[in-house]
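Enquirer: Terminal number for the sequence shown in our numbering: 148, no gaps in between. Structure provided below as structure tokens; questions to follow.
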Amino acid sequence: MAVSGNKITKIALIFVGIGIAVGLAIALLVMQLEPTEEGDPYDRLSLSERTALVSSFVSASAKYKSKIVVNEDSSFTSAGQGGKPPYQYEWKFSDGITSSLQNMTRSFPSIGSYSGQITVKDSAGKTGQSSFTIEVVPKVTTS
């Protein structure tokens with residue numbers, strides 16, 4: 006118990022699991038006993054609840070150009086967050102190209118729309134994913 010002037014504050018920590026790969030939440034119950042009259046310090050009880058998220062889930066982010074010129078190299082970078090490093094990375098594109106590099110460079114041989122996905126897996130086996138779409142456009146030439 007912590008004593009602050011006429012208030013006595015009790016803090017109880019309650020650990021609550023909020024799902025597989027989602028994380029844990031810590032619920033803090035704060036009870037304050039406040040005197041209403043002199044000599045009676047336990048007359049009124051106020052109760053509040055606060056919840057803080059502890060990050061045990063994994064998230065994946067990707068950085069890329071959404072429009073790419075056909076047959077030109079383009080960079081794809083990724084970052085994992087949360088969970089338990091180190092991370093493993095897996096890129097998948099709708100044309101069948103895959104990579105296990107964190108950052109990769111590739112070109113697209115045909116004009117059109119391509120979808121992609123980056124999956125990040127932490128050392129505990131938890132995963133996070135991010136999906137994206139790329140438009141491959143023709144090279145503009147000036148005459």
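All C-beta atoms, glycine included, are put in the ideal place defined by N, C-alpha and C. Please read these numbers as outputs of a predicted model, since none were measured by experiment.
Output the distance between the C-alpha atoms of residue 129 and residue 97, rounded to the nearest integer angstrom.
Expert: On the sequence shown, position 124 is the one that residue 129 refers to. On the sequence shown, position 92 is the one that residue 97 refers to. If you take the alpha carbons of residue 129 and residue 97, they lie about 22 Å apart.
Enquirer: Alpha carbon to alpha carbon, what distance is there between residue 74 and residue 99?
Expert: Locating residue 99 in the sequence shown gives position 94, where the first residue counts as 1. Locating residue 74 in the sequence shown gives position 69, where the first residue counts as 1. The alpha-carbon atoms of residue 99 and residue 74 are separated by roughly 17 Å.
Enquirer: Name the one or two DSSP bridge partners that residue 139 has.
Expert: As a first step, residue 139 must be located in the sequence shown, where it is residue number 134. According to DSSP, residue 139 bridges with 119.
Enquirer: From 144, 132, 138, pick the residue whose C-alpha is nearest to that of residue 90; which is it?
Expert: Your numbering for residue 90 matches position 85 in the sequence shown. Among 144, 132, 138, the Cα nearest to that of residue 90 is on 132.
Enquirer: So, residue 141 versus residue 121, is the Cβ gap smaller than 8 Å?
Expert: Here residue 141 refers to the residue found at position 136 of the sequence shown. Here residue 121 refers to the residue found at position 116 of the sequence shown. No.
Enquirer: Is it buried or exposed for residue 63, if we count other Cβ within 10 angstroms and need 16 for buried?
Expert: Within the sequence shown, numbered from 1, the residue matching residue 63 stands at position 58. Its Cβ being crowded by 16 or more others within 10 Å, residue 63 is buried.
Enquirer: Work out the CA separation of residue 88 and residue 114 for me, nearest whole Å.
Expert: Here residue 114 refers to the residue found at position 109 of the sequence shown. Here residue 88 refers to the residue found at position 83 of the sequence shown. Spanning the two alpha carbons is a distance of roughly 36 Å.
Enquirer: Strictly by DSSP, which residues pair up with residue 74?
Expert: As a position in the sequence shown, residue 74 is number 69, starting the count at 1. In the DSSP assignment, residue 74 is bridged to 142.
Enquirer: Residues in the same chain with beta-carbon distance under 7 Å from residue 143, minus the five sequence neighbours each way, listed in chain order, please.
Expert: Numbered from its first residue, the sequence shown carries residue 143 at position 138. Contacts found: 75, 116.
Enquirer: If you draw a straight line from the C-alpha of residue 126 to the C-alpha of residue 148, how long is it?
Expert: On the sequence shown, position 121 is the one that residue 126 refers to. On the sequence shown, position 143 is the one that residue 148 refers to. Near 49 Å, if we compare the C-alpha coordinates of residue 148 and residue 126.
Enquirer: Please report how far the alpha carbon of residue 135 lies from the alpha carbon of residue 66, in whole angstroms.
Expert: Against the sequence shown, residue 135 aligns to sequence position 130. Against the sequence shown, residue 66 aligns to sequence position 61. Distance between the alpha carbons of residue 135 and residue 66: 6 Å.
Enquirer: Please state if the CB of residue 83 and the CB of residue 110 are separated by a distance shorter than 8 Å.
Expert: As a working note, residue 110 is residue 105 in the sequence shown. As a working note, residue 83 is residue 78 in the sequence shown. No, Cβ-Cβ distance for residue 110 and residue 83 is not below 8 Å.
Enquirer: At which residues does the beta strand (DSSP E) containing residue 89 begin and terminate?
Expert: Residue numbering aside, residue 89 sits at position 84 when the sequence shown is read from its first letter. That residue, residue 89, is in no beta strand (DSSP E); it is neither H nor E in DSSP.
Enquirer: For residue 92, which residues from the same chain have a beta carbon less than 6 Å from its beta carbon, with the 5 sequence-adjacent residues on both sides left out?
Expert: As a working note, residue 92 is residue 87 in the sequence shown. So the list reads 85, 125, 127, once near-sequence residues are dropped.
Enquirer: In chain order, what residues of the same chain lie with their CB nearer than 6 Å to the CB of residue 72, ignoring the 5 residues before and after it?
Expert: The residue labelled residue 72 in the question sits at position 67 within the sequence shown. Once the five neighbours on either side are set aside, the close Cβ partners of residue 72 are 140, 142.
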